[in-house]
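Undergrad: Take this structure first; my questions come after.
Residue numbers (my numbering): 366 to 463.
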């Protein structure tokens, strides 16, 4: 039998639940924010050397570099930054409630 005092249990602060994963829409925007600049810079960089290449070969060369950069480096960092901003926003809004 547990003898927990209801008044003590109600007064104890409960830690805020961490925010859930970002929605599909947020992940789509973050992915676009990662891909667009990488593709734009990649096109400028490979443009001079790939003028004579077939468009499919040009797209292949670009995506061989852009996709791994986005998936393993840029998107995880953007998602971490978004999570940090979201946690700070939730913490700030929670401070105003007390």
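Every residue gets a Cβ at the ideal spot worked out from N, C-alpha and C, and that includes glycine. None of the values given here were measured: they were computed from a predicted structure.
Within 8 Å, do at least three Cβ pairs link the region 442-452 to the region 393-404?
TA: At 8 Å Cβ cutoff, the stretches touch.
Undergrad: If you draw a straight line from the alpha carbon of residue 404 to that of residue 423, how long is it in whole angstroms?
TA: Taking the chain shown and counting its residues from 1, one reaches residue 404 at position 39. Taking the chain shown and counting its residues from 1, one reaches residue 423 at position 58. About 12 Å.
Undergrad: With DSSP as the reference, label residue 397 as helix, strand or coil.
TA: Along the chain shown, read from residue 1 onward, the residue named residue 397 stands at position 32. Residue state, collapsed to three classes: helix.
Undergrad: First and last residue of the alpha helix (DSSP H) that includes residue 433?
TA: Taking the chain shown and counting its residues from 1, the one referred to as residue 433 is at position 68. 420-434 is the span of the alpha helix (DSSP H), which, as asked, contains residue 433.
Undergrad: What is the rounded straight-line gap between the Cα of residue 390 and the Cα of residue 438?
TA: What you label residue 390 is simply residue 25 of the chain shown in a count that begins at 1. What you label residue 438 is simply residue 73 of the chain shown in a count that begins at 1. Straight-line Cα distance between these residues: approximately 20 Å.
Undergrad: Starting from the Cα of residue 431, find the closest Cα among 414, 447, 409 and 392 and give me that residue.
TA: Position 66 of the chain shown holds residue 431. If we check each option's Cα against that of residue 431, 409 comes out closest.
Undergrad: In whole angstroms, give me the CA-to-CA distance for residue 412 and residue 393.
TA: Walking along the chain shown from the start, residue 412 turns up at place 47. Walking along the chain shown from the start, residue 393 turns up at place 28. For residue 412 and residue 393, the distance between alpha carbons rounds to 27 Å.
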